[in-house]
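Top line first, the protein sequences correspond to chains A and B. Mapping of the first sequence onto the working numbering: position 75 corresponds to residue 691, and the numbering continues sequentially without gaps. Mapping of the second sequence onto the working numbering: position 78 corresponds to residue 96, and the numbering continues sequentially without gaps. Where a beta carbon is used, it is the ideal one built from N, C-alpha and C, also for glycine. Right, one structure below, let's go through it.
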Amino acid sequence: MPEWGRTTLEMIVQDLQRPVQLDESFERRVMVRVRRFYAQRRRRMRGWLAVGASITHHPAWTAAVAAGIVAVATLGVMSVHPRTASGGVIEPTTFVLVAPTARSVAVVGDFNNWGLDDSALVATSNQGVWSVTASVPVGVHRYAFVVNGVNGKQWMADPTAPRSSGDDFGMPSSALVVEDSTK
Amino acid sequence: MSKRTTRSLMMVAALASASVTSANAQDPRVLPRLDAPSRAAIAAVVDSAKAQGIPVEPLYDKVNEGVVKGADGPHIVVAVRNLALDLATAHRALGALATADEIKAAASAMHAGVPAVELGKLKKQSGLRRSLTLPFTVLADIVSRGVPVSTAANAIRSLVGAGAKDKDINDFQRNVKVDIEQGAPPAAAAETRAKGAAKPDKPDQIDQ
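Next comes the structure, spelled out in structure tokens:
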């Protein structure tokens with residue numbers, strides 16, 4: 617969500633969360649409305665239409681319902697799973713490679729255009745255990761490690777992952793199935 | 019200028035903008051990196067794939083991969099054509115219920131040597147009850163490690179038929195890989211591990 621949208625939403629929520637000032641006769645008037653509502657419902661058997669009419673006639677009810685709707689909508693927006701621009705769900709995925717002699721390790725795959733335009737994921741080393749976590753769209757992917765070691769740059773499949781069979785260009789790659797954790 | 023004229027001009031501008039966007043949607047990131055004949059050949063493959071309802075993203079991914087790996091244009095075109103053929107065959111074998119990911123994984127299994135008919139049988143067996151993306155991926159993996167196609171297909175079929183979860187299938191792949199690396203014959207490793215992993219979970223939910 618853009619920053620301006622978040623700020624506006626927060627302002628609306630704050631405004632709606634402010635305590636509503638009620639006069640002393642509020643409870644009595646609400647109960648009158650409730651009794652009238654159920655009486656009408658029993659008589660006419662038109663429950664749903666009656667609800668709409670009652671709510672719109674009373675400002676306090678309207679404010680409460682609006683606050684509820686906004687709160688539910690806000691919670692819904694804030695808990696939405698991360699998605700790609702095209703609407704696909706993305707999941708955090710960690711890539712790990714043990715390469716004690718490597719000078720640098722990067723991850724390239726179909727989820728980052730195979731590192732075109734400097735999009736490779738650069739891993740960090742913890743005593744030769746290289747890792748990087750990235751948001752990867754749910755689905756099946758192919759990827760490889762590009763290891764910069766003593767013999768220069770080398771493409772490596774992930775030794776812990778299934779092999780990918782589509783090596784048309786003579787360099788190994790691995791298969792990755794990212795599952796939707798919301799399902 | 020009248021309101022109607024202004025509105026018409028705006029609609030024309032919007033349509034023109036949309037058509038430019040559509041033309042660029044072929045993938046401005048990749049195609050300019052290729053020579054003109056290869057670009058034209060790939061555009062034709064992509065158009066044909068679209069007409070058949072085949073997912074085209076894997077085709078663009080293949081172009082990207084070839085470019086990054088330093089392959090020349092004609093080599094990339096051949097790879098993209100082969101992938102499009104595999105995707106089309108997989109699409110036909112799996113039927114209309116298959117997802118784009120299943121088709122992609124099935125194409126990968128076919129590339130490893132699994133006949134489309136075996137993949138179709140698996141899809142028919144599982145229907146909509148489970149995604150076969152991971153089973154197809156594991157099938158391709160174990161075949162590439164030397165497990166005979168029929169043994170590998172039987173193993174995956176027994177796992178799926180027994181209601182194995184994706185975690186079980188991942189474990190199966192890992193175990194078969196380790197067994198083969200430790201010197202076990204690939205067929206024996208797959209058969210034995212499949213027996214161990216194929217514990218019926220909810221057999222009433224699986225078509226037999």
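- Query: Roughly how far, in whole angstroms, is the beta-carbon of residue 722 of chain A from the beta-carbon of residue 762 of chain A, given that I think they are within contact range, below 8 Å?
  - Reply: About 5 Å separates the two Cβ atoms, so the contact holds.
- Within the chosen definition, does the region 146–161 of chain B reach the region 179–193 of chain B through at least 3 CB pairs nearer than 8 Å? Yes: at least three Cβ pairs fall under 8 Å.
- Task: Give me the Cα-Cα distance between residue 215 of chain B and residue 776 of chain A, rounded to the nearest whole angstrom.
- Result: Taken atom to atom, the span from the alpha-carbon of residue 215 of chain B to that of residue 776 of chain A is near 19 Å.
- Task: Note down the Cα distance separating residue 738 of chain A from residue 720 of chain A, rounded to an integer number of angstroms.
- Result: Cα to Cα, residue 738 of chain A sits roughly 8 Å from residue 720 of chain A.
- Nearest-angstrom Cβ-Cβ length linking residue 118 of chain B and residue 73 of chain B, presumed shorter than 8 Å: Confirmed, Cβ separation roughly 4 Å.
- Could you check the C-alpha separation between residue 799 of chain A and residue 645 of chain A for me, to the nearest Å? Looking at the two C-alpha atoms, the distance is approximately 46 Å.
- Task: Sort B/124, B/130 and B/131 by Cα distance to residue 140 of chain B and report the nearest one.
- Result: The residue with the shortest Cα to Cα distance from residue 140 of chain B is B/124.
- Check the Cβ-Cβ distances between residue 76 of chain B and every residue of chain A, and say whether any is below 9 Å. Closer than 9 Å: yes.
- Item | Contact residues within the region 706–728 of chain A, judged by C-beta distance below 8 Å to chain B | Among the residues of the region 706–728 of chain A, those with a Cβ less than 8 Å away from any Cβ of chain B are 724 and 726, in the order of the chain.
- Item | One or two residues paired with residue 710 of chain A in a DSSP bridge | Beta-bridge pairing links residue 710 of chain A to A/749.
- What residue range is occupied by the uninterrupted beta strand (DSSP E) comprising residue 755 of chain A? Taken as a continuous stretch (DSSP letters only), the beta strand (DSSP E) holding residue 755 of chain A covers 755–765.
- Report yes if the C-beta distance between residue 212 of chain B and residue 176 of chain B is below 9 Å; otherwise report no. Yes, the Cβ-Cβ distance between residue 212 of chain B and residue 176 of chain B is below 9 Å.
- Item | Coarse secondary structure for residue 183 of chain B, derived from DSSP in three states | Note: residue 183 of chain B maps to coil in three-state DSSP.
- Query: Which whole runs of the alpha helix (DSSP H) in the region 131–211 of chain B are 4 residues long or more, in chain order?
  - Reply: List check, alpha helix (DSSP H) in window: 134–144, 151–162, 167–179 and 184–199.
- Query: Which stretch, first to last residue, makes up the alpha helix (DSSP H) that contains residue 70 of chain B?
  - Reply: Element bounds for residue 70 of chain B: 54–70.
- Task: Using alpha carbons as the reference points, say which of B/133, B/137 and B/86 lies closest to residue 736 of chain A.
- Result: B/86 is the residue among B/133, B/137 and B/86 whose C-alpha sits nearest the C-alpha of residue 736 of chain A.
- Task: Quick one: residues in its chain with C-beta nearer than 8 Å to the C-beta of residue 669 of chain A, no 5 flanking neighbours on either side, listed in chain order?
- Result: Here the model assigns residue 669 of chain A a pLDDT of 46, short of 50, so the residue's position is not dependable, and the following value carries that caveat. No residues qualify anywhere along the chain.
- Local conformation of residue 656 of chain A per DSSP, three classes: It is helical.
- Message: Is the separation between the beta-carbon of residue 111 of chain B and that of residue 137 of chain B shorter than 9 Å?
- Response: Taking 9 Å as the Cβ cut-off, residue 111 of chain B and residue 137 of chain B qualify as a contacting pair.
- Message: At the 9 Å Cβ level, is residue 161 of chain B part of the contact set with chain A, yes or no?
- Response: Residue 161 of chain B counts as touching chain A.
- Query: Under a three-way DSSP split, which group does residue 792 of chain A fall into?
  - Reply: Looking at residue 792 of chain A - three-state DSSP - the assignment turns out to be strand.
- Item | 7 Å Cβ shell around residue 131 of chain B - same chain, five flanking residues per side excluded | Residues 161 and 167 of the same chain have their beta carbon placed closer than 7 Å to that of residue 131 of chain B, with the five preceding and five following residues left out of the count.
- Task: Using three-state DSSP, classify residue 107 of chain B as helix, strand or coil.
- Result: Helix at residue 107 of chain B.
- Item | Three-state secondary structure assigned by DSSP to residue 781 of chain A | In the three-state reduction of the DSSP assignment, residue 781 of chain A falls in the coil class.
- Message: Does residue 782 of chain A pass the burial test, meaning 16 or more other C-beta atoms within 10 Å, or should it be called exposed?
- Response: Burial of residue 782 of chain A is indicated by the presence of at least 16 other C-beta atoms within 10 angstroms of its C-beta.
- CA nearest to the CA of residue 714 of chain A, picked from A/728, A/740, A/727 and A/793: Taking only the C-alpha atoms, the option nearest residue 714 of chain A is A/740.
- Could you tell me the boundaries of the beta strand (DSSP E) in which residue 786 of chain A lies? Per DSSP, residue 786 of chain A lies in no beta strand (DSSP E) segment and is marked neither H nor E.
- Item | 8 Å contact criterion, which residue 84 of chain B and residue 785 of chain A should meet: CB distance rounded | Right, the Cβ-Cβ distance comes to about 6 Å (below 8 Å), so this counts as a contact.
- Message: Along the region 768–787 of chain A, where does the CB come closer than 7 Å to a CB of chain B? Name the residues.
- Response: Listed in sequence order: 778, 779, 780, 781, 782, 784, 785 and 787.
- Task: Please classify residue 797 of chain A: is it buried, with 16 or more other beta-carbons within 10 angstroms of its beta-carbon, or exposed?
- Result: In this structure residue 797 of chain A is exposed. Its beta-carbon is surrounded by fewer than 16 other beta-carbon atoms within 10 angstroms.
- Under 9 Å between C-beta atoms, does residue 96 of chain B make it to chain A? Among the residues facing chain A, residue 96 of chain B is included, as its CB has a counterpart in that chain under 9 Å away.
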